[in-house]
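Engineer:
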């Protein structure tokens, strides 16, 4: 009987049954889906908890709203006070501004690209603070040629559209910057044109 049992266990069918028992079965697709859903659910729950920690409570929201309203009312008052101060300062500055003559200019410039000649005539003035007038006059007399050269270079490089601008804004800014650089100190606050004539032939 013992021999018969050993023979039976040594048969190919028995070996195949033992091999199947040794190899673990693959988990079903349903089990994998359940694991994925559980993983995503845990992540969502963690995110919701984290977000709820940062959302302010009703009391905090009310307190923040009160602070915002108070700040906006305060800024409006500060702005109106600032406007009043700015107007007073501007008025005071206007009283302390003195005009100084920077020279008369007659410029003729040929433009080979357009085959035209520009003729520009104007008188140039500057605005300085009254307290800086003596220093400006001294520096201007020392650097008069350099200042004149900067004005001429600015007008020679100007385009027709800049010269036809009603306020001559770009040219004024360029002359102001270059003149202050030539003087070595930003004493000029503004440059002004008088009798500005521009002809293109």
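In the working numbering, the protein residues as written are 2 to 202. Heads up, the beta-carbon is just placed ideally off N, CA and C, and yes, glycines get one too.
(1) When you compare only the Cα positions, how much space is there between residue 9 and residue 30?
(2) State the DSSP-derived secondary structure class of residue 170, mapped to helix, strand or coil.
(3) Compute the beta-carbon to beta-carbon distance between residue 140 and residue 104, rounded to the nearest angstrom, for a pair I have assumed lies under 8 Å.
(4) Span of the alpha helix (DSSP H) holding residue 157?
(5) Pull up the DSSP beta-bridge partners for residue 105, would you.
(6) By the three-class DSSP mapping on this structure, what secondary structure does residue 112 have?
(7) Three Cβ pairs or more, each shorter than 8 Å: is that satisfied between the stretch 170 to 183 and the stretch 145 to 160?
(8) For residue 198, is the classification buried or exposed, using 16 other Cβ atoms within 10 angstroms of its Cβ as the cut-off for buried?
(9) In terms of alpha-carbon separation, which member of 97, 121 and 100 lies closest to residue 108?
(10) Ordered along the chain, which non-local residues of its own chain (more than five positions away) have a Cβ less than 6 Å from that of residue 191?
(11) Please state the DSSP three-state secondary structure of residue 100.
(12) In the structure shown, what three-state DSSP assignment does residue 136 receive?
(13) With 16 as the cutoff for other CB atoms within 10 Å, does residue 4 come out buried or exposed?
(14) Provide the residue(s) that pair with residue 119 in DSSP beta bridges, ordered along the chain.
(15) Run through DSSP, which three-state label would residue 29 get?
Structural biologist: Straight from the coordinates:
(1) Note that residue 9 has pLDDT 47, beneath the 50 cutoff, so the model's placement of it is unreliable and the number below is only indicative. Answer to the nearest angstrom: the Cα atoms are 37 Å apart.
(2) Three-state DSSP puts residue 170 in a helix.
(3) Not really, about 15 Å apart at Cβ, beyond 8 Å.
(4) DSSP places residue 157 in the uninterrupted alpha helix (DSSP H) bounded by 145 to 157.
(5) Partner(s): 124.
(6) Reduced to three states, the DSSP call for residue 112 is strand.
(7) In this structure the stretch 170 to 183 touches the stretch 145 to 160; the number of beta carbon pairs closer than 8 Å is three or more.
(8) Burial check for residue 198: the Cβ neighbour count within 10 Å stays below 16, so the residue is exposed.
(9) Of 97, 121 and 100, the residue nearest in Cα terms is 121.
(10) Excluding sequence neighbours, residue 191 sits near 128.
(11) Assigned with DSSP and collapsed to three states, residue 100 falls in strand.
(12) DSSP, read as helix, strand or coil, puts residue 136 in helix.
(13) Confidence at residue 4 is low in this model, with a pLDDT of 48, below 50, so the placement of that residue is unreliable and no value is reported for it.
(14) 110 and 201, per the DSSP bridge assignment.
(15) Coil at residue 29, not helix or strand.
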